[in-house]
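Engineer: Have a look at the structure that comes next, please.
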Amino acid sequence: MRTPDLIRSTPFRLSLALALAIVLATASVFALVYLELSTSDVARLRVVLVGEAAIGVGENEDQLRRALELRLTRDLRRLDYVALFDKDGRLAFGNITKLPEIPVDGEAHFVAGARQTDAEGTDEPALFVASRRADGGVLLLGRSLIEVYAIRDIVLRALLTGLVPTTLLSLAIGAFFAWRASLRLALVHETIEKIMRGDLDARLPVGGADDDIGKVTRAVNLMLDELVRLLNQLKSAGDNIAHDLRTPLAVMRAKLERGLAQDSTNEDLRLAAVDSLGQLDRAMATVTALMRISAIENGLRASAFREIDLASICVDLFDFYEPLARSKSIEMSFDAPAAAPMRGDAELMREAIANLIDNAIKFTPSGGTVRLEVDKGPGPPIVRVTDSGPGVAPGDRDKIFRRFYRGANEKETAGQGIGLSIAKTIAGLHGLELTVEDSRFGASFRLAKAGLAATA
Amino acid sequence: MTKDQSARRASVLLAEDEPELAEEIEAELLRRGYQVEVSEAREAALQAARAGRGSILILDRMLHGEDGLTIVEVLRKEGIRIPVLVISALSSIDQRIQGLKAGGDDYLVKPFAMEELAARVEALLRRLDDVRTTMLRVGSLEMDLVDRTVRRNGREIDLLPREFKLLEYFVRHPNQIVTRAMLLEDVWNYTFLPQTNVVDVHISNLRRKLDGRGEPPLIANVRGVGFTLHADA
């Protein structure tokens, strides 16, 4: 991935923002430490100086001088200022030549430049307290702040040197993660381009991580699977439709041609027209059924599902189909709980179950049985239509749900073979699954919650 | 039957923008004795219906890309109660419900057989306005809708509830062709077409109960189309 791309990438920007946040947080902590350090030291010195001056003012001259001398002797680092001025302002004792320009009020004052009498070098910042004694003289105590300032500077430098690596480190880590994420996204992007170029079998790299990108890629892969499935279905449906329409069209064309042939009579033409009409009806039924399926697939997701009762739907359907079964000497039985509620579209569920019953009666020889059962399942109710017909060969069990498929030996049976496709489409719309199993006698079609084990 | 004849002379407004289909429908209706006025556009159809020139309106759902249902809505809002048969290439149940909700009286999906169209036009034209009648009489047949009893030539006939409902539909549409789709929609409220001859079985069961020894069959098959109840049988 090129550098500008990396900079534009979302993970990199996120890590940049994170680094900035870390720097800001660190800097504010540093600032706090620095401020605390510098002010608390100075404040402590102030209190000490003011206290000492207050004591010193009250003492007699000799004691004071001794104390001051002791103080100077002890001050190995030469940080203390000590001075005693007489009432005329002349220096009586001390290590500073003249009184700094501060009020004589016993309070601590900051002086930017002060210098001990015998000191070399530059003026230093210092704190001073001047107090007037009872005899009119002035006691001056002071302390250089040079050390405090030095410590402060050291801390500041240390803090600043710490900040730079922190910044660099967080940037580096951020960039690393950004680069890693970009690599993954680049791979995803590459795959998507491959898919866009028509390679529908390509899938996004999932990897082991169960993070958000992993979840999205898995979802996209599932979506691709479904798309491919639909495309294949569409393609085979297209093939089947072409076949189902071409046959009647070809027959119709031949019949009309023959009807119009030179030696044909009016009666021939009439017969040809009648036959053609029959073929046309067949083609029309195919088109109608197709439209029906696509209408179910496309249009009805929008319609609101409501609470419906499969038991009462099945009672009505039993009532509707039982005479047909009896006319074929088929014994039709029915079993359902008092109520079998589910959420769905009543008209569609009715159509799906009707197609199953229709199908069962169609394929059951006279003297056989057709059984319609409703069971309360976990979740939506389970509907089972079992017949005593020839059953469905294991190899055909998927094929029979495809549009217009008819079993190998069913050419002579009426119908477009589309009922099961419609039922399956409707089931899918309701989150149900239509499966076929072998019963003891014939086929058993089961409409149940998708993924529910067959024994349930 | 004078009523029959008045229906035959009825004029039909046809709003259809595909000229070839319009021509075929017109020819079929003319052949059946109707007068036909064809309009290609929404406005013209609306004008004709407002002027009261037709006894029934056959309306294509799509007229030059516009939803024809708005015509029905406008008519109903204006209090014009002309029966409307909507014909449409849109076949989902939702579309059908929409069509009926908008004020259409029946909904037929393209492609359809001309017989189906004709049967529905006739049913709409002769629809009994008074559904509160408690006693229906057709020829030798009497139906008491309150007691749920049926007599033919004074002989009481014992019918199951579903058979009673089926017969009631025929009695309300005497001498008309009733198609299987019409029966499914109106008697059973089913909007799908079974692949089996289940409707025929119901009819023949009903017929067996209705026709006594020596009586002419009350309900006859109309080949390739449906059934009809002969009032004079």
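Chain order of the listed sequences is Y and E.
Those letters in the first sequence? Residues 12 to 467, by the working numbering.
Those letters in the second sequence? Residues -9 to 223, by the working numbering.
Note that beta-carbon positions come from the ideal geometry of N, C-alpha and C, so glycine has one too.
1. Mind pulling the chain Y residues with CB within less than 7 Å of E:T124?
2. Any C-beta of chain Y within less than 8 Å: which residues of the region 90 to 103 of chain E qualify?
3. Pull up the CB-CB distance for E:F251 and Y:A294, whole angstroms please, since I reckon it's below 8 Å.
4. Taking all protein chains shown into account, decide if Y:A98 is buried (16 or more other Cβ within 10 angstroms of its Cβ) or exposed.
5. Is E:R152 close to chain Y? Criterion is C-beta to C-beta, closer than 7 Å.
6. Starting from the Cα of Y:S305, find the closest Cα among Y:L245, Y:D134 and Y:I319 and give me that residue.
7. Which same chain residues end up closer than 8 Å to Y:L174 when comparing Cβ atoms and leaving out the 5 residues on each side of it in sequence?
8. Scan the region 122 to 198 of chain Y and note each continuous beta strand (DSSP E) run of 3 residues or more that stays entirely inside, going in chain order.
9. Quick check: the region 70 to 78 of chain E against the region 94 to 106 of chain E, are at least 3 beta-carbon pairs closer than 8 Å?
10. Helix or strand or just coil, what does DSSP make of Y:N420?
11. Nearest-angstrom Cα distance between E:D134 and E:T124?
12. Can you confirm whether the region 148 to 166 of chain E touches the region 199 to 211 of chain E when touching is taken to mean that 3 or more C-beta pairs between the two stretches lie within less than 8 Å?
13. Can we say the region 133 to 148 of chain Y touches the region 113 to 122 of chain Y, given the rule of at least three CB pairs closer than 8 Å?
14. Could you say which of Y:S155, Y:V53, Y:N71 and Y:V58 lies nearest to Y:V93 if we only look at CA atoms?
15. Excluding the five sequence neighbours on either side, which residues of its own chain have a C-beta within less than 6 Å of the C-beta of E:V28, listed in chain order?
16. Express the C-alpha separation of Y:R55 and Y:G117 in angstroms, rounding to a whole number.
17. Mapping the DSSP letters down to three states, classify E:E6 as helix, strand or coil.
18. Below 7 Å on C-beta distance, what does Y:G430 contact in chain E?
19. Under the DSSP definition of a beta bridge, which residues are partnered with E:V74?
20. Would Y:S338 pass as an interface residue toward chain E - the criterion being a Cβ-Cβ separation below 7 Å?
21. Relative to the C-alpha of E:V161, which candidate in E:L219, E:E146, E:V189 and E:T169 has its C-alpha closest?
22. Under a three-way DSSP split, which group does Y:A313 fall into?
23. In chain order, what residues of the region 186 to 199 of chain E put their CB closer than 7 Å to some CB of chain Y?
24. How far does the beta strand (DSSP E) with E:G216 in it reach, from first residue to last?
25. Is the Cβ of Y:L458 closer than 7 Å to any Cβ of chain A?
26. How big is the Cα-Cα spacing for Y:L196 and Y:R168?
27. Pull up the DSSP beta-bridge partners for E:R142, would you.
28. Whose Cβ in chain E lies nearer than 7 Å to the Cβ of Y:F331?
29. Whose Cβ in chain Y lies nearer than 7 Å to the Cβ of E:F182?
30. Leaving aside the five residues before and after Y:S181 along the sequence, list all residues of the same chain whose C-beta is less than 6 Å from its C-beta, in chain order.
31. Under 7 Å, Cβ to Cβ, is there at least one residue of chain E near Y:M295?
32. Measure the Cβ-Cβ separation of E:R66 and E:G89 and say whether it is below 7 Å.
33. When the Cα atoms are used, what is the spatial distance from Y:I162 to Y:T202?
34. Is the beta carbon of Y:L152 sitting closer than 7 Å to the one on Y:E63?
35. How long is the line joining the alpha carbons of Y:E308 and Y:F187, rounded to whole angstroms?
36. Taking only beta-carbon atoms, is Y:L335 less than 7 Å away from chain E?
Structural biologist: The short version:
1. Looking up residue 124 of chain E in the second sequence gives position 134. When 7 Å is used as the limit between beta carbons, E:T124 is near no residue of chain Y, the shortest such separation being about 25 Å.
2. Those would be V99, P101 and A103, in chain order.
3. One cannot answer for residue 251 of chain E here, as it falls past the ends of chain E, which runs -9 to 223.
4. What you label residue 98 of chain Y is simply residue 87 of the first sequence in a count that begins at 1. Here residue 98 of chain Y turns out to be Lys, not Ala, going by the sequence shown. Label assigned to Y:K98: exposed.
5. Stepping through the second sequence from its first residue, residue 152 of chain E is reached at position 162. Cβ-Cβ to chain Y under 7 Å: yes for E:R152.
6. As a first step, residue 305 of chain Y is located in the first sequence; it is residue number 294 there, counting from the start. Nearest C-alpha to Y:S305: Y:L245.
7. Taking the first residue of the first sequence as position 1, residue 174 of chain Y is located at position 163. Correct list, in chain order: V34, T37, A38 and F41.
8. Taking only runs of at least 3 residues, the beta strand (DSSP E) segments lying wholly in the region 122 to 198 of chain Y are 135 to 143 and 149 to 155.
9. Touching, yes.
10. Sequence index remark: in the first sequence, residue 420 of chain Y carries index 409 (1-based). Residue placement at Y:N420 is poorly supported in this model, since its pLDDT is 48, which falls under 50; the coordinates are not used for a value here.
11. For the purposes of this step, residue 134 of chain E is identified with residue 144 of the second sequence, where counting begins at 1. For the purposes of this step, residue 124 of chain E is identified with residue 134 of the second sequence, where counting begins at 1. Their backbone Cα atoms lie some 6 Å apart in a straight line.
12. Touching, yes, given that three or more Cβ pairs across the two stretches are closer than 8 Å.
13. Touching, per the Cβ criterion.
14. Within the first sequence, residue 93 of chain Y is the residue found at index 82, counting from 1. The option with the nearest alpha carbon to Y:V93 is Y:S155.
15. Position 38 of the second sequence, counting from 1, holds the residue named residue 28 of chain E. Around E:V28: L4, A12 and E16.
16. Start at 1 with the first residue of the first sequence, and residue 117 of chain Y comes out as number 106. Start at 1 with the first residue of the first sequence, and residue 55 of chain Y comes out as number 44. Between Y:G117 and Y:R55, the C-alpha separation is close to 16 Å.
17. In the second sequence, counting from the first residue as 1, residue 6 of chain E sits at position 16. Here DSSP, grouped into helix, strand and coil, assigns E:E6 to coil.
18. The sequence position of residue 430 of chain Y within the first sequence is 419, counting from 1. Residues of chain E with a Cβ closer than 7 Å to the Cβ of Y:G430 are, in chain order, Q185.
19. Looking up residue 74 of chain E in the second sequence gives position 84. According to DSSP, E:V74 bridges with E:L47.
20. The residue labelled residue 338 of chain Y in the question sits at position 327 within the first sequence. In terms of beta-carbon proximity, Y:S338 lines the interface with chain E, with at least one pair separated by less than 7 Å.
21. The residue labelled residue 161 of chain E in the question sits at position 171 within the second sequence. Minimum Cα distance to E:V161 is reached at E:L219.
22. Mapped onto the first sequence, residue 313 of chain Y falls at position 302. Because the pLDDT at Y:A313 is just 49, under 50, the model does not fix this residue reliably, and the value given afterwards should be weighed accordingly. In the structure shown, Y:A313 sits in coil (DSSP, three-state: anything other than H, G, I, E or B).
23. Residues of the region 186 to 199 of chain E with a C-beta atom less than 7 Å from some C-beta of chain Y are T186, V188, V191, H192 and N195, listed in chain order.
24. Position 226 of the second sequence holds residue 216 of chain E. From DSSP, the beta strand (DSSP E) with E:G216 extends over G216 to L219.
25. Among the chains of the structure shown, chain A does not appear; the protein chains present are Y and E.
26. The residue given as residue 196 of chain Y occupies position 185 in the first sequence. The residue given as residue 168 of chain Y occupies position 157 in the first sequence. Rounded to the nearest angstrom, the two C-alpha atoms are 42 Å apart.
27. Numbered from its first residue, the second sequence carries residue 142 of chain E at position 152. By DSSP's assignment, E:R142 forms a beta bridge with E:L131 and E:R145.
28. Along the first sequence, read from residue 1 onward, the residue named residue 331 of chain Y stands at position 320. Residues of chain E passing the Cβ test: W178 and V188.
29. If you number the second sequence from 1, residue 182 of chain E lands on position 192. Correct list: E362 and A365.
30. For the purposes of this step, residue 181 of chain Y is identified with residue 170 of the first sequence, where counting begins at 1. The residues A30 and I33, in chain order, have a CB closer than 6 Å to that of Y:S181 in the same chain once the five nearest residues on each side in sequence are set aside.
31. Against the first sequence, residue 295 of chain Y aligns to sequence position 284. Output row for Y:M295: interface = yes.
32. Counted from its first residue, the second sequence places residue 66 of chain E at position 76. Counted from its first residue, the second sequence places residue 89 of chain E at position 99. Taking a C-beta distance under 7 Å as the contact criterion, E:R66 and E:G89 do not qualify as a contact pair.
33. Translated into the one-based positions of the first sequence, residue 162 of chain Y becomes position 151. Translated into the one-based positions of the first sequence, residue 202 of chain Y becomes position 191. Each residue's alpha carbon lies about 60 Å from the other.
34. Translated into the one-based positions of the first sequence, residue 152 of chain Y becomes position 141. Translated into the one-based positions of the first sequence, residue 63 of chain Y becomes position 52. Going by C-beta atoms, Y:L152 is nearer than 7 Å to Y:E63.
35. The residue labelled residue 308 of chain Y in the question sits at position 297 within the first sequence. The residue labelled residue 187 of chain Y in the question sits at position 176 within the first sequence. The alpha-carbon atoms of Y:E308 and Y:F187 are separated by roughly 47 Å.
36. As a position in the first sequence, residue 335 of chain Y is number 324, starting the count at 1. Yes, its Cβ sits closer than 7 Å to a Cβ of chain E.
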